[in-house]
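Residue numbers (our numbering), protein chains in the order written: chain A, 126 to 804; chain B, 126 to 804; chain C, 126 to 804.
Just so you know, even glycine gets a beta-carbon here, dropped at the ideal spot from N, CA and C.
I have placed the structure first, in the form of structure tokens, so that the comments after it can refer back to it.
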Amino acid sequence: MKKMVTKVADLIHGGDYNPDQWLLYPEILERDAELMREAGCNAMSIGIFAWATLEPEEGKYNFEWLDQVIDRLYAHGVYTILATPSAARPAWMAEKYPEVLRVNSDNRRILFSARHNHCYSSPIYREKVRQMNTALATRYSHHPAVILWHVSNEYGGACYCDLCKENFRNWLKKKYGTLENLNHAWWSYFWSKNFTSWDQINPPMDNGEHSLHGMNLDWKRFTTDMTVDFMEAEIKPLKEANPSLPVTANLMGFYPGLNYFKFKNVCDVISWDNYPAWHEGDDQELACSIAMAHDLMRSIKPSQPFMLMESVTTAVNWKEYAKMKRPGMHELSSLQAVARGSDSIQYFQWRKGRGGSEKFHGAVVGHLGSNQTREFRDVAALGKRMKGLSRLVGSPFEAKAAVIWDTENRWALDDLQGLIQKDKGYMKEALHHYGPLFREGVNVDVIDEESDFTPYQLIAAPMLYMYRAGVAEKLRAFVENGGTLVTTYWSGVVNDTDLCFLGGFPGDGMNQVMGVDVEEIDTLYPQDANSATILPCETTRGMKASYAIEDYTEVAHLNGATALATYDDDFIAGLPAFTVQSFGKGKVYYIAACFEQSFYDDLYRNIIEDLSLKTLDVTLPKGVFLSNRTLEDGSLCHIFQNFNTNEVSVSLPREMECLECGEKITSLTIPAYGTAFLI
Amino acid sequence: MKKMVTKVADLIHGGDYNPDQWLLYPEILERDAELMREAGCNAMSIGIFAWATLEPEEGKYNFEWLDQVIDRLYAHGVYTILATPSAARPAWMAEKYPEVLRVNSDNRRILFSARHNHCYSSPIYREKVRQMNTALATRYSHHPAVILWHVSNEYGGACYCDLCKENFRNWLKKKYGTLENLNHAWWSYFWSKNFTSWDQINPPMDNGEHSLHGMNLDWKRFTTDMTVDFMEAEIKPLKEANPSLPVTANLMGFYPGLNYFKFKNVCDVISWDNYPAWHEGDDQELACSIAMAHDLMRSIKPSQPFMLMESVTTAVNWKEYAKMKRPGMHELSSLQAVARGSDSIQYFQWRKGRGGSEKFHGAVVGHLGSNQTREFRDVAALGKRMKGLSRLVGSPFEAKAAVIWDTENRWALDDLQGLIQKDKGYMKEALHHYGPLFREGVNVDVIDEESDFTPYQLIAAPMLYMYRAGVAEKLRAFVENGGTLVTTYWSGVVNDTDLCFLGGFPGDGMNQVMGVDVEEIDTLYPQDANSATILPCETTRGMKASYAIEDYTEVAHLNGATALATYDDDFIAGLPAFTVQSFGKGKVYYIAACFEQSFYDDLYRNIIEDLSLKTLDVTLPKGVFLSNRTLEDGSLCHIFQNFNTNEVSVSLPREMECLECGEKITSLTIPAYGTAFLI
Amino acid sequence: MKKMVTKVADLIHGGDYNPDQWLLYPEILERDAELMREAGCNAMSIGIFAWATLEPEEGKYNFEWLDQVIDRLYAHGVYTILATPSAARPAWMAEKYPEVLRVNSDNRRILFSARHNHCYSSPIYREKVRQMNTALATRYSHHPAVILWHVSNEYGGACYCDLCKENFRNWLKKKYGTLENLNHAWWSYFWSKNFTSWDQINPPMDNGEHSLHGMNLDWKRFTTDMTVDFMEAEIKPLKEANPSLPVTANLMGFYPGLNYFKFKNVCDVISWDNYPAWHEGDDQELACSIAMAHDLMRSIKPSQPFMLMESVTTAVNWKEYAKMKRPGMHELSSLQAVARGSDSIQYFQWRKGRGGSEKFHGAVVGHLGSNQTREFRDVAALGKRMKGLSRLVGSPFEAKAAVIWDTENRWALDDLQGLIQKDKGYMKEALHHYGPLFREGVNVDVIDEESDFTPYQLIAAPMLYMYRAGVAEKLRAFVENGGTLVTTYWSGVVNDTDLCFLGGFPGDGMNQVMGVDVEEIDTLYPQDANSATILPCETTRGMKASYAIEDYTEVAHLNGATALATYDDDFIAGLPAFTVQSFGKGKVYYIAACFEQSFYDDLYRNIIEDLSLKTLDVTLPKGVFLSNRTLEDGSLCHIFQNFNTNEVSVSLPREMECLECGEKITSLTIPAYGTAFLI
């Protein structure tokens, strides 16, 4: 059992708290502490945008208000997750040191504004952050109320200032050594771009170079590295003051700007901010996507729980429609995080501000200041229930199956010229694979190319366009050693720097592992259609006679593999659309086209059976999802969640016990939007 | 009777005339004067973009051509509405003094181009305008032909140059006194924006701050104030030369850039430019929107007629489709302005230019130069008819009902983060209320929060999100003194600077006046639906059993009010959706959701009956609209307009007389697109 | 017979070849030459983006690799089309001389990036190009393998730097002489834009003037002239070294940025790049559009064949969907170029690059490097077939009918404020006329206003909005001398500088030629409809009783012409919608509205019959298109292409012979996507 925060016995329940907005309203600050207790909250994230209040003039710190807030909350049983305020700098700093402000890709420095937009290179900004973090750490890192550092807020974006450009060039020098290497890696020969001096290189600016994909990729990698480097600089004074106080940064799920797997070592705990649009479309599909996001975040540090750092009590105010959560959805969606391995449920934010652009974002306490609103009562009810779930604290979510969803691969796909230009379909194909595993109640990790493949029996590698160095070997070894690999069209096309493999696809030798040689890929117009007929055999048992195909069809030739389905139409009729090959002790499925979802459902049902991946022998009704956390004694807590708007029954394979009430049952009835924790 | 222009006995008929484009074509200038007489025109707006011709070199004025034009027209019975030419400066001025050109929100100064884009702060521009206006006023303000000043053209936009920034900061200093006040008013604490020096403040630039809504609002207010200030500077030399020559500026209806109600005192006469897209959709709905625009413009100075300064003879050339007016529509739409209180019908423009981007905009005289075109004949026929309507000159349009449509409230709603992001629905909800009054033939004013509420028996205040200081008191007093108030969801949420009221909505004490406490508002997706069931009683007599709801549903609790309808579906089923409360001598209706139009139609039918708001006891057929102007003897002229494409009959409650022909009738038959003036 | 390239006996088959990308892969360079022979290729375009390799440092040339490539290919029977590399400059040049980089219309100079973006004015760039081209010409212009110069690549775009601005002003001075002339020509009086100094004039920059259409037009004309001037400078050293080596530049069909007819004299051969989106919509309609593009390109130099310089083997990678060509489409679409007068079929590119944004663009050789792919085999099969078509080399495509499609008219229409704003419909109306001629197998030229009209019996002049100086006289003379002119609504509205004609439309006296006076034009909303009834007579024999109308209806009055159809609906019912007038020895059809396609089909069927325009008395099945090239003996080669996905039979009017196999046939059966060459 790995508890994130050793001081807290229960799951953490709380939210962002911005008392610095209310210093002129002391009665509200007093009332907050009482309401927190009433809402069953035990921790608040404080000071996230408080720099202007903490340091109103350069070098003049004001911590008294913060002392009082932390102490007052602690007196009411509420811990503090203390933020470093670097996400928004004070106006005086931007005025005196404009270099702290970011330069956008249009080469213009921003004015003092918004947030999350400082330069990561600026020596002055780093120094000011160091001073602030040192002061905070000195004063609070041994305070009994303080349980965790919340470093900055939602790191993101990039700066294109001269300092950052220079850092980029130095990063490239370190990576490539010589311009010859760089020119080959980026294939700069194309359109006469051969660089003959490092100074000729710029980031991909609005009015600059974009056609060298290796360069674009390196810029994104550099940006991730700079962000991690900045975070390391932020953490240094914190750890110096108290090495044992853990650190987190709130990430943003599938946010495309950063490769979060590079934050693995810099964060003691992974936390993230989750804002789904419930009730807009199919909530069961959305639940699947959100579970995948939880799994992605958790899999950065797969051995331990994560935290849900931000979520909303009801409606967010920045979507197209500010739709509220229906009754029951708050509990259901919040507990989904716990089901997927979170040890916390936290909100943005505790109390709605009076002004500014977030004042209509859902919060525990509204402008009315009342404890009688639906929002408050929902939160308080959940807080009460969470107290009965303390056995889950520190319990890992363990998986034998993994889906590879690799951020660098995504970058390369997004940037690629070809296929369906607007959306290459990476997320769609990934959900084709993740979905069946999720819906069958199989625990899944969502890993990247650099993750350890050895813990898994099954790996799905959809659209793995880019094989970074070593990935092909790892995949080969995984299969040789008995693993089952499911992979698809448009895999193994390029290497780390987006250079195409020569001599056959999937490249880097993987065509041998798959027993398939790919000749070309065709992109279908939305009005096009094809399908494939399944060749009946043991492997395709229970599958339909034929499945529809859209978006992509590869022209592939068998070279050792066995065809399991062949195309029905067009000039590729009869060619393999789906194959299998045994390789070493393992097996590889190759899916050469983009099938309808039921194809993947039926395929994975067989694979799950073959590999005995289920943790419990149950048939899950539609919309009931099963997650499993491993308790301290090694047994599993099976968490059933009903995303239907009606009550549903599940027959259990054995007598089970309710984690919360201890009742023994053999059949489970879950109300609409209900969650059951069974052991 | 308040005549706008004392010299002219008839309604004004004419248009923009740009002889400066035709100085090389003397025969055309000669022909114009003859054609104007033939078209029944009695006034032309001259010199609107003539600066380059009036002052071809700095300080060298050339008025001879203008003398001739004014004299020639006067000799043909055509008065002059003389423009100040500030809307477009000459090239030599932009070249010599670049500061006269505007800086856009991207911080880049424009090049010499287009029009309506000078800096309102520039001392040089103000000086050049002063010199020009002084010269014009000296020469023409006592000319017998000149009846009105047309100051500049369609004021609009904003400048972000350093001079304007400095003026903005000074405006803020004057408004707030201290940065403490400003920081609280703007809630700058949010995201650490506390300003510690005035110089840190910028307008909302493209690459600057946008999240402080109080700041955004103040920038728009400042821009309006600067524009008014510029106009005052323009007028000063005009009034010095002849204080009795009235002044107007042509406004633009619902244009969002300026708060036109601030022009109340600076304009002697309100005039505006109106370009509806007839025949595109439902012309009867469009007629309602356009009537509302006329009413808004008129209500800036509600005691007197306004002018229709620009309209088109047939098609405008800048819409997506340059659709022409069908036969009859020109007369119908032109007389709609008169029906709503205009004393003029004027066009842009008299003659189509040979070149430039407006050369295909409809005009009285086309490139053919003929008086035989449909356009010309339509105009001439209307000119002839207008001569029979002289009794209307100076007659006011008086209303006992008003709809509040407040520009600052609109700004705040548009800027708000939340609800339906793209369009909060203010105009839609306003038309829900305006429509029934318009269609029942009830005269309506369209006023703003600063207007006098005391003349009215009925005020509709849809979506009055922002209660500026004093508005709640005025509304309370209005009801206490016997007024009927109809108001809706999303009212009284914020104060002047967009700070939320604390302690209950609608705020500033208005929840007591309404007898309703609002807990939260839900935004519906387009695919969502709800409805409310009407509780039958005297107040809801004749209403349907149930009405559909879209977009918004508030969760509101009765606190003194009586429910008149309750929600049918969702978790709010049974809660009040529509209430009434007596307060003092008056009554307040609260509509908690966005209903279908027929709900408002049925509700207002009852209210109109209760308050006896009808001027005439007629049942108006669909598409026949009734407006009423008060003649000099206090009697009403009832103006019926038929927006149907077929003839329609109306039975009259008494024998009435045709204003134009004197015929007595008891039943009225109006041809397609016809207009009848009955007394 | 005019052969473009005297050294090559066969049609040219080849493509862009970029060995400079592969210098580190000598085995690939070796293999390329073998594969070219195998693919039936006889010419490659080399060095298009090779500047960085040819001149890796300033003044240090490296030609050895190019020597080897040219020699190796020549040894394998492959000629070289040698490029000048000006389309992309090396990084060192951009670094040392930033002035070579273009300034965009936002007034910002680009960074070193992309391609096709140098300044055409820059003296340094011109000097560097001169040096490079001199070096290339000195070394290669007498090399036996080199058959043609490929100058730069896809010239396009515009530069807005200070040098270009100054050149623009000088160009204007030369054109207009005085500012008075310019001000009148541009109608600068509009919005007070009168220029009083040349320095006040700028190009249409983002933040500058756009409302003067004459200025916008002149800027586009200037840009064309500058591009031609730059190309002339490029060619000078080439011709000095070897005056007899011909020159081409690869154009881009309907690309709107340049008036390609101005390249008539500077190019010895016209060549162009053609990338249709086959299989997306109706391929037969697309074939018609593409034929029109071929005809436009050919008609720049109508007396001789042109070259298809670039096309793709299967899918391009920069469209929304990277759809591959179905089997047979490669041959069909490639031979369409030959059918319309091309003496070459060339591809971009020979081999897919390993990196960069074009690496997934279709190519003869893919990353696999194999000769067994479908792409390679399709190319090789076509190469083989082309060897049997050598009799076509040099054979012209001669037409007695022409459609005027004028680039300057297009510019003016696109820029116009009015009509259907987004798309005035020029291409749509042009295809209305081109389509019937194409589908009936009548050879057509697609000419511009400056072309010679005398070779034709029939000219279609759709939407000829702008009559440049002399055009009306040419059209009048054409008709007087016996020509048949078909023209339409929205013709003859403005002169060269977009000034409206005064005194009647179509202007410049053409209303007399047509016998019609146009009063106004109405733009229909998409939901509007009208139709016209045909008046039966000899001229309208076989036409339907009535045809639907959309988009536009003109109100026109007969003034000598005879009505052939009258409007059915709206206020224009009964007015003429379609007229004819005999004038001199010829005849003019005037079409006053935008009819459905079948109207044009039926009308042209009669005209084709009247003028005996058919080359062969056949009835062409739907989707079978006939083109005709004139062989050396004056006889025609009739080329039938079947754009159906099924086999089709055509009965022939006489015994004919297969050009390829010599077989005599009386009935022709063409397979799906097949092409037959009959003599």
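Along chain C, which residues have their Cβ under 7 Å away from the Cβ of residue i?
{"i": "M330 (chain A)", "result": "L236"}
{"i": "D145 (chain B)", "result": "Y314"}
What does the Cβ neighbour count give for residue i, buried or exposed, with the cut at 16 atoms within 10 Å?
{"i": "I732 (chain A)", "result": "buried"}
{"i": "S458 (chain B)", "result": "buried"}
{"i": "A158 (chain B)", "result": "buried"}
{"i": "L821 (chain A)", "result": "Nothing can be reported for residue 821 (chain A): it is not among the residues displayed for chain A, which extend from 126 to 804."}
{"i": "E334 (chain C)", "result": "buried"}
{"i": "G608 (chain C)", "result": "buried"}
Chain B partners of residue i, CB-CB under 7 Å?
{"i": "S482 (chain A)", "result": "S336, H338, Q542"}
Which residues of chain A have a Cβ atom closer than 7 Å to the Cβ of residue i, listed in chain order?
{"i": "F696 (chain B)", "result": "R451, P452"}
Would you please state the rounded distance, in angstroms, between the beta carbons of residue i and residue j? I believe it to be under 8 Å.
{"i": "L649 (chain C)", "j": "D676 (chain C)", "result": "6 Å"}
{"i": "V775 (chain C)", "j": "L793 (chain C)", "result": "5 Å"}
{"i": "S277 (chain B)", "j": "A212 (chain B)", "result": "5 Å"}
{"i": "P427 (chain A)", "j": "D570 (chain A)", "result": "6 Å"}
{"i": "I790 (chain C)", "j": "M781 (chain C)", "result": "6 Å"}
Can you list the residues of chain A that residue i reaches, using a CB-CB cut of under 8 Å?
{"i": "Y650 (chain B)", "result": "H404, E405, Y446, K448"}
{"i": "G494 (chain C)", "result": "L627, G628"}
Strictly below 9 Å CB to CB, what residues from chain A border residue i?
{"i": "D647 (chain B)", "result": "T439, A440, A447, K448, M449"}
Residue i versus chain B: which residues are under 8 Å apart at the beta carbon?
{"i": "I829 (chain C)", "result": "This structure cannot settle anything about residue 829 (chain C), because the visible part of chain C is limited to 126 through 804."}
Whole alpha helix (DSSP H) runs in the segment 295-377 of chain A with 4 or more residues, listed along the chain? Counting only runs of 4 or more, we get 304-311, 338-366.
Stretch pair the segment 742-760 of chain A + the segment 570-583 of chain A: three plus CB contacts closer than 8 Å: Contact between the segment 742-760 of chain A and the segment 570-583 of chain A is absent: fewer than 3 CB-CB pairs across the two stretches fall below 8 Å.
If contact is defined by three or more beta carbon pairs under 8 Å, each pair taking one atom from either stretch, is the segment 534-549 of chain A in contact with the segment 337-352 of chain A? Three or more pairs of CB atoms, one per stretch, sit closer than 8 Å, so the segment 337-352 of chain A contacts the segment 534-549 of chain A.
Flag this pair as touching only if the segment 202-216 of chain B and the segment 260-276 of chain B have three or more C-beta atom pairs under 8 Å; answer yes or no. Result yes; three or more Cβ-Cβ pairs closer than 8 Å.
With three or more beta-carbon pairs closer than 8 Å as the criterion, would you say the segment 321-332 of chain B touches the segment 220-238 of chain A? Result yes; three or more Cβ-Cβ pairs closer than 8 Å.
Assess, as a yes-or-no matter, whether the segment 390-407 of chain C is touched by the segment 359-379 of chain C under the definition of 3 or more beta carbon pairs within less than 8 Å. With the cut-off at 8 Å, the segment 359-379 of chain C and the segment 390-407 of chain C touch.
What ranges does the beta strand (DSSP E) occupy inside the segment 667-715 of chain C, keeping only unbroken runs of at least 3 residues that lie completely in it? Taking 3 residues as the minimum length, the beta strand (DSSP E) runs contained wholly in the segment 667-715 of chain C are 671-683, 687-692, 701-708, in order along the chain.
Could you name each continuous beta strand (DSSP E) segment of 3 residues or more that falls completely within the segment 408-496 of chain C, going from the start of the chain to the end? If we require 3 residues or more, the beta strand (DSSP E) runs fully inside the segment 408-496 of chain C come out as 431-435, 467-472.
For a minimum of 4 consecutive residues, which ranges assigned as the alpha helix (DSSP H) are wholly contained in the segment 599-652 of chain B? Those alpha helix (DSSP H) runs which fall completely within the segment 599-652 of chain B and span 4+ residues are 635-639.
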